[in-house]
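Below is one structure; the comments refer to it alone.
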Amino acid sequence: MATLNIPRSSGILLHPTSLPGQFGVGDLGPIAYRWVETLAAMKQTWWQILPLGPTGAGDSPYQSFSAFAGAIKLLSPELLERDGLVNSSFWAGKSFPDHEVDYSLANPFKIALLHEVWRNFRAGRAPHLKSPFEEYTTVEASWLNDFAMYMGIHESLGGIGLAGWPKDLRHRKPAALAAATKEHADTIQMHKFGQFLFDRQWSQLRAFAAARGVKILGDAPIFVAPDSADVWAHSDQFLLDAELNPTVVAGVPPDYFAVDGQHWGNPIYDWDRMEKNGYSWWIARLARQLKQVDVIRLDHFRGFAQAWHIPAGEKTARKGKWVDGPGVKLFVKLLSALGGLPLIAEDLGLITPDVIELRDELGLPGMRVLQFALNGPQDIHWPHNYVPNSACYTGTHDNETVNGWFKSLSENDMRYLGLTIGHYIGDPAWELIRLAWSSVASVAIAPLQDVLSLGNEARMNKPGIAEGNWRWRFRLDQFKPEVIDRLRDMTSLYNRVPQDVVKQNGPQTAG
1 MATLNIPRSS
11 GILLHPTSLP
21 GQFGVGDLGP
31 IAYRWVETLA
41 AMKQTWWQIL
51 PLGPTGAGDS
61 PYQSFSAFAG
71 AIKLLSPELL
81 ERDGLVNSSF
91 WAGKSFPDHE
101 VDYSLANPFK
111 IALLHEVWRN
121 FRAGRAPHLK
131 SPFEEYTTVE
141 ASWLNDFAMY
151 MGIHESLGGI
161 GLAGWPKDLR
171 HRKPAALAAA
181 TKEHADTIQM
191 HKFGQFLFDR
201 QWSQLRAFAA
211 ARGVKILGDA
221 PIFVAPDSAD
231 VWAHSDQFLL
241 DAELNPTVVA
251 GVPPDYFAVD
261 GQHWGNPIYD
271 WDRMEKNGYS
281 WWIARLARQL
291 KQVDVIRLDH
301 FRGFAQAWHI
311 PAGEKTARKG
321 KWVDGPGVKL
331 FVKLLSALGG
341 LPLIAEDLGL
351 ITPDVIELRD
361 ELGLPGMRVL
371 QFALNGPQDI
381 HWPHNYVPNS
391 ACYTGTHDNE
401 TVNGWFKSLS
411 ENDMRYLGLT
421 IGHYIGDPAW
431 ELIRLAWSSV
441 ASVAIAPLQD
451 VLSLGNEARM
461 NKPGIAEGNW
471 RWRFRLDQFK
481 PEVIDRLRDM
491 TSLYNRVPQD
501 VVKQNGPQTA
511 G
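So for the sequence shown, the numbering used here puts the first residue at 1; every next one is plus one.
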């Protein structure tokens, strides 16, 4: 299969929730546009994000109520006001912390905002959106109807997960669905409207980015949440028992991040059943996501070769077994349906030869992480072992920040990186950015935390820890003009500015 052929380029990893702003969580409003201008000013090609779906347990982007829907918490109140759907008096007097997301405050505010704009729209506000909304509900009906009904029922039951639903609703009995459709009709329509607004705001932001030469690198979790519209609407596609509870769940055995492994709790696909219907769910899922992003980081790529099946009753990931996934068969169908495979394989963790063979057969770039380059000169994460068809990272959303990680290194660990005591006098984060940008990897990415030289107080996620993650936000006063100049110059020096990048004169920046 043909290689993706991403030109030599670079970018920054920053989830929209980490943007600054006055509404408790980063959103798709004016600050996001300033962020895109800043990326363009730094000559960055890629804005890498985490999954955009509506989050469930622990507010994790990797535990979403839908693999197709967008997160309502990302809606910009300011853009909704511009559309005539809400007045600023709705948030007058409200205040939120600016250094992190307090989801206990931000989520209820955004839910209340959705209810407010729906009431106003239903009362006749923003009539210019009526026809586009109706068209949207028709075009996206294949996933939107199930998602909106799922959310309507979910809310009516007080947020109880799918396992606790009345049996007839859980099993989608026609009479129960008909009754729920009638009883929750208004809430169902509201959630459809919320998705329309999300897609409207996101597509406008993405178009703004594209006009400035900034592309979006998205993220597709391999698995879906047990409490999701996906499991409810497509239960036959998963390994579930008669009550729709998982018989096995996903995770990884003990590894670098966790001594007990990572017990994700996600249901695992019935790949044999999926093959019989041509992997239609996967085709629909990635086709939907490619309306939102340019390239997708395919999370936990090794799970397509083999996945760690943990018996559903286990509390840790220590006990389990590797079970074959779909392998190349899935990707042949995806290639045919999508016309290409704009994917980067997240091939981290315990990688066996079959995973490498699958990645290389598909021609997909793999990932290299400089923080993992401590296992000797033969390690694939050492820059001198990189191949061009790869994406190099200083760290990922799961890692410590570079400056936090650096504090735990021994002097011997530092030798290859050129950070030895007595020689090193600079900034560890920028030394690793330099190594990534100067490497032969086609793509070089740094989390914004590293670009801003922040410590572990800015860490995004600690794998294996269920609470307290995904909260970090940057403040505008942390973004100094010299950071913009420094990354722009380094990007030019190491030839990571593609020739077709649109150059802007005097762009607005986040600093």
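Note that beta-carbon positions come from the ideal geometry of N, C-alpha and C, so glycine has one too.
Please report how far the alpha carbon of A176 lies from the alpha carbon of I111, in whole angstroms.
For the purposes of this step, residue 176 is taken as the residue at position 176 of the sequence shown. For the purposes of this step, residue 111 is taken as the residue at position 111 of the sequence shown. Near 26 Å, if we compare the C-alpha coordinates of I111 and A176.
Here's a check: name, in chain order, each residue in its chain whose Cβ is nearer than 7 Å to the Cβ of R170, leaving out the five neighbours to either side.
As a working mapping, residue 170 is identified with position 170 in the sequence shown. Excluding positions up to five away in sequence, the list reads L162, L244.
Cβ-Cβ distance between P365 and V443 below 8 Å:
Residue mapping note: residue 365 aligns to position 365 of the sequence shown, counting from 1. Residue mapping note: residue 443 aligns to position 443 of the sequence shown, counting from 1. Their beta carbons are under 8 Å apart, which means P365 touches V443 by this criterion.
Thinking S142 and A284 are a contact (beta carbons under 8 Å), I'd like their distance in whole angstroms, please.
Locating residue 142 in the sequence shown gives position 142, where the first residue counts as 1. Locating residue 284 in the sequence shown gives position 284, where the first residue counts as 1. About 7 Å separates the two Cβ atoms, so the contact holds.
Over the uninterrupted alpha helix (DSSP H) stretch that includes G152, give me the two end residues.
Translated into positions along the sequence shown, residue 152 becomes position 152. Note, G152: alpha helix (DSSP H), 141 to 156.
Kindly indicate if chain C contains any beta-carbon less than 8 Å away from that of S131.
In the structure shown, chain C cannot be found, because there is only a single protein chain.
Helix, strand or coil: how does DSSP classify H423 here?
As a first step, residue 423 must be located in the sequence shown, where it is residue number 423. With a pLDDT of only 47 at H423, under 50, the local geometry of the prediction cannot be trusted, and no value is derived from it.
Quick check on the burial criterion: 16 or more other C-beta atoms within 10 angstroms. Buried or exposed for D485?
In the sequence shown, the residue the question calls residue 485 occupies position 485. Exposed, since its Cβ has fewer than 16 Cβ neighbours within 10 Å.
If we ignore side chains and look at the alpha-carbon of each, how far apart do Y269 and G56 end up?
Taking the sequence shown and counting its residues from 1, one reaches residue 269 at position 269. Taking the sequence shown and counting its residues from 1, one reaches residue 56 at position 56. In a straight line, the C-alpha of Y269 is about 20 Å away from that of G56.
Is the Cβ-Cβ distance between A71 and P54 less than 8 Å?
Start at 1 with the first residue of the sequence shown, and residue 71 comes out as number 71. Start at 1 with the first residue of the sequence shown, and residue 54 comes out as number 54. In this structure, P54 lies closer than 8 Å to A71 by Cβ.
Rounded to a whole number of angstroms, what is the C-alpha to C-alpha distance between W165 and A429?
Counting from 1 along the sequence shown, the entry for residue 165 is found at position 165. Counting from 1 along the sequence shown, the entry for residue 429 is found at position 429. One C-alpha to the other measures close to 48 Å.
Please check the pair L330 and Y386, which I expect to be a contact at CB under 8 Å, by giving their CB distance rounded to whole angstroms.
The residue you call residue 330 lines up with position 330 of the sequence shown. The residue you call residue 386 lines up with position 386 of the sequence shown. With 8 Å as the limit, L330 and Y386 do not qualify as a contact, their Cβ atoms being about 27 Å apart.
What are the residues that DSSP puts in a beta bridge with E457?
Numbered from its first residue, the sequence shown carries residue 457 at position 457. Answer is none; E457 lacks a bridge partner.
Runs of alpha helix (DSSP H) wholly within the segment 330 to 378 (minimum 4 residues, chain order)
353 to 362
Are the CB atoms of F196 and F133 nearer to each other than 8 Å?
Translated into the one-based positions of the sequence shown, residue 196 becomes position 196. Translated into the one-based positions of the sequence shown, residue 133 becomes position 133. Yes.
Between which two residues does the alpha helix (DSSP H) carrying D270 extend?
Position 270 of the sequence shown, counted from the start, is the residue given in the question as residue 270. Premise fails: D270 is in no alpha helix (DSSP H) and is neither H nor E.
Just the C-alpha distance for M274 and L370, rounded to the nearest angstrom, thanks.
The residue given as residue 274 occupies position 274 in the sequence shown. The residue given as residue 370 occupies position 370 in the sequence shown. M274 and L370: Cα-Cα distance of roughly 37 Å.
Could you pull out every residue in the same chain whose Cβ sits closer than 7 Å to the Cβ of N403, ignoring the five residues on either side in sequence?
The residue labelled residue 403 in the question sits at position 403 within the sequence shown. The answer, listed in chain order, is P428, A429, S453, L454, G455.
Measuring straight from C-alpha to C-alpha, what distance separates P463 and G363?
Translated into the one-based positions of the sequence shown, residue 463 becomes position 463. Translated into the one-based positions of the sequence shown, residue 363 becomes position 363. Their backbone Cα atoms lie some 29 Å apart in a straight line.
Between N469 and S60, which are expected to be in contact by the criterion C-beta below 8 Å, what is the C-beta distance as a whole number of angstroms?
Position 469 of the sequence shown holds residue 469. Position 60 of the sequence shown holds residue 60. With a Cβ gap of about 7 Å, N469 and S60 count as contacting.
Contact between the segment 27 to 45 and the segment 89 to 108 is defined here as three or more beta-carbon pairs at a separation below 8 Å; is this criterion met?
no
By DSSP, does W35 sit in helix, in strand, or in coil?
As a working mapping, residue 35 is identified with position 35 in the sequence shown. Of the three classes helix, strand and coil, the one that applies to W35 here is helix, per DSSP.
If we call anything under 8 Å between Cβ atoms a contact, is S250 one with F65?
Here residue 250 refers to the residue found at position 250 of the sequence shown. Here residue 65 refers to the residue found at position 65 of the sequence shown. As written in the sequence, residue 250 is Ala, which differs from the Ser given in the question. In this structure, F65 does not lie closer than 8 Å to A250 by Cβ.
With a threshold of 16 other CB atoms inside 10 Å of the CB of G21, please say whether the residue is buried or exposed.
For the purposes of this step, residue 21 is identified with residue 21 of the sequence shown, where counting begins at 1. That one is buried.
Kindly list the residues whose CB is nearer than 6 Å to the CB of L239, restricted to its own chain and excluding five residues on each side of it in sequence; keep chain order.
Sequence index remark: in the sequence shown, residue 239 carries index 239 (1-based). For L239, where only same-chain residues beyond five positions count, the Cβ hits under 6 Å are T247, V248, I268, D270.
Could you tell me the distance, in whole angstroms, from the CA atom of L14 to the CA atom of Q289?
In the sequence shown, residue 14 corresponds to position 14, counting from 1. In the sequence shown, residue 289 corresponds to position 289, counting from 1. One C-alpha to the other measures close to 18 Å.
Can you name the residues that DSSP bridges to R297?
Numbered from 1 along the sequence shown, position 297 holds the residue referred to as residue 297. Answer is D219, I344.
Determine, using beta-carbon pairs with one atom in the segment 342 to 353 and one in the segment 290 to 306, whether at least three such pairs fall under 8 Å.
yes
For I160 and A317, I'd like the C-alpha separation in whole angstroms.
Taking the first residue of the sequence shown as position 1, residue 160 is located at position 160. Taking the first residue of the sequence shown as position 1, residue 317 is located at position 317. Looking at the two C-alpha atoms, the distance is approximately 25 Å.
Beta bridge counterpart(s) of D324 as assigned by DSSP
Here residue 324 is taken as the residue at index 324 of the sequence shown, counted from 1. Answer by DSSP bridge pairing, in chain order: Q306.
E431 classed as buried or exposed, judged by whether at least 16 other C-beta atoms fall within 10 angstroms
Here residue 431 refers to the residue found at position 431 when the sequence shown is read from its first residue. Buried is the call here.
Distance check for R434 and I425, CA to CA, integer angstroms please.
Sequence index remark: in the sequence shown, residue 425 carries index 425 (1-based). Sequence index remark: in the sequence shown, residue 434 carries index 434 (1-based). Because I425 sits at a pLDDT of 46, beneath the cut-off of 50, its placement in the model cannot be relied upon, and the following sentence gives the value as read from the coordinates. For I425 and R434, the distance between alpha carbons rounds to 15 Å.
Using a threshold of 8 Å, state whether the C-beta atoms of A32 and D83 are closer than that.
Counting from 1 along the sequence shown, the entry for residue 32 is found at position 32. Counting from 1 along the sequence shown, the entry for residue 83 is found at position 83. Not in contact: A32 and D83 (Cβ atoms no closer than 8 Å).
Can you tell me where the beta strand (DSSP E) holding Q48 begins and where it ends?
Counted from its first residue, the sequence shown places residue 48 at position 48. Here the beta strand (DSSP E) through Q48 covers 46 to 48.
Would you say Y136 and A229 are within 8 Å of each other, going by their C-beta atoms?
Numbered from 1 along the sequence shown, position 136 holds the residue referred to as residue 136. Numbered from 1 along the sequence shown, position 229 holds the residue referred to as residue 229. Taking 8 Å as the Cβ cut-off, Y136 and A229 do not qualify as a contacting pair.
Quick test of your reading: V117 and L80, contact by CB under 8 Å. State the CB separation rounded to the nearest angstrom.
Against the sequence shown, residue 117 aligns to sequence position 117. Against the sequence shown, residue 80 aligns to sequence position 80. Right, their Cβ atoms sit about 5 Å apart.
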